[in-house]
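Following: one structure in structure tokens, then a few remarks.
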Amino acid sequence: MAWAQETINTNILNLIVLGGDQKSTGASIELLPIAIIDIEPETLAGAGGGAGAGTEAGLPPPSSGGADLSNLWINFTHRAQNYQPARIYVSTNQPIPNGMKIEVQITQTGTGGNYPKNPNTNKIRLSQTEQVIVYDFANGYTGDGLNRGYHITYTISNSKTLPAGFEVIYRIQ
Numbered sequence: 022m023a024w025a026q027e028t029i030n031t032n033i034l035n036l037i038v039l040g041g042d043q044k045s046t047g048a049s050i051e052l053l054p055i056a057i058i059d060i061e062p063e064t065l066a067g068a069g070g071g072a073g074a075g076t077e078a079g080l081p082p083p084s085s086g087g088a089d090l091s092n093l094w095i096n097f098t099h100r101a102q103n104y105q106p107a108r109i110y111v112s113t114n115q116p117i118p119n120g121m122k123i124e125v126q127i128t129q130t131g132t133g134g135n136y137p138k139n140p141n142t143n144k145i146r147l148s149q150t151e152q153v154i155v156y157d158f159a160n161g162y163t164g165d166g167l168n169r170g171y172h173i174t175y176t177i178s179n180s181k182t183l184p185a186g187f188e189v190i191y192r193i194q
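With our numbering, the residue at position 80 of the sequence shown is 101, and numbering never jumps.
Next comes the structure, spelled out in structure tokens:
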């Protein structure tokens, strides 16, 4: 239900109607599905040295500097159509070099928001094959920033140089 009243220009006294009229009019809105996912802190998760264009989830750290892989947080907002369950998946956009192993793990959930506290807490060995990191949920939001959402930690074994343009991809579906 929405209440509305016209704007009155009090500079022109002839336009003022005393008594006025108020009524209510019913309205309905339909919200479209939404899925937004981000890795925080922005200055470390994407472009590295500072916030700005291109500092979003999935973008690789530049060759100068790097991310603190032990203090990253998955933040998300998701609204499904008709409460259809969704999951958060993780994968890479390119093969990981032979002999190298990259694992990601959700180690805790943060404060605030309204979201499922049922993530996959097992270590996930990253590859180009999508794997579930957060199980079925209908709707939710974590809030924005550190200590919100899911704390993730990366473990890298036998580190080598990653190919140019290498990305870790998080996706809600």
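Beta carbons: idealized from backbone N, C-alpha and C, even for Gly.
For this session: Could you tell me which uninterrupted beta strand (DSSP E) segments, each at least 3 residues in length, are contained entirely in the stretch 112-145, listed from first to last along the chain?
Result: 122-130
Exercise. What residues are listed by DSSP as bridge partners for ALA1?
Worked result: For residue 1 there is no data in the structure shown, the boundaries of the chain being 22 and 194.
Exercise. At which residues does the beta strand (DSSP E) containing ASP157 begin and terminate?
Worked result: 152-158
For this session: Assign ASP59 to buried or exposed, taking buried as 16 or more other Cβ atoms, counted over all protein chains shown, within 10 Å of its Cβ.
Result: buried
For this session: Could you tell me which of LYS44, GLN105, GLY131 sits nearest to GLY166, measuring between CA atoms?
Result: GLY131
Exercise. Got a sec? Which residues, its chain only, sit under 8 angstroms from GLN194 by beta carbon, not counting five neighbours each side?
Worked result: ALA56, ALA107, ARG108, TYR110
Problem set entry | Exposure of ASN96, with buried meaning 16 or more beta-carbon neighbours within 10 Å | buried
For this session: Grab me the residues of ARG169's own chain with a C-beta within less than 8 angstroms of its C-beta, minus the 5 sequence neighbours each way, in chain order.
Result: GLU61, TRP94, ASN96, GLY131, THR132, GLY133, GLY134, THR163
Problem set entry | Beta-carbon spacing of THR182, GLU124 below 8 angstroms | no
For this session: Leaving out five residues on either side along the sequence, give the residues of the same chain with a beta carbon under 6 angstroms from the beta carbon of PRO140.
Result: ILE127, VAL155, TYR171
Problem set entry | CA-to-CA distance, PRO116 to LYS144, given in whole angstroms | 18 angstroms
For this session: Identify whether GLU61 lies in helix, strand or coil by the three-state DSSP scheme.
Result: strand
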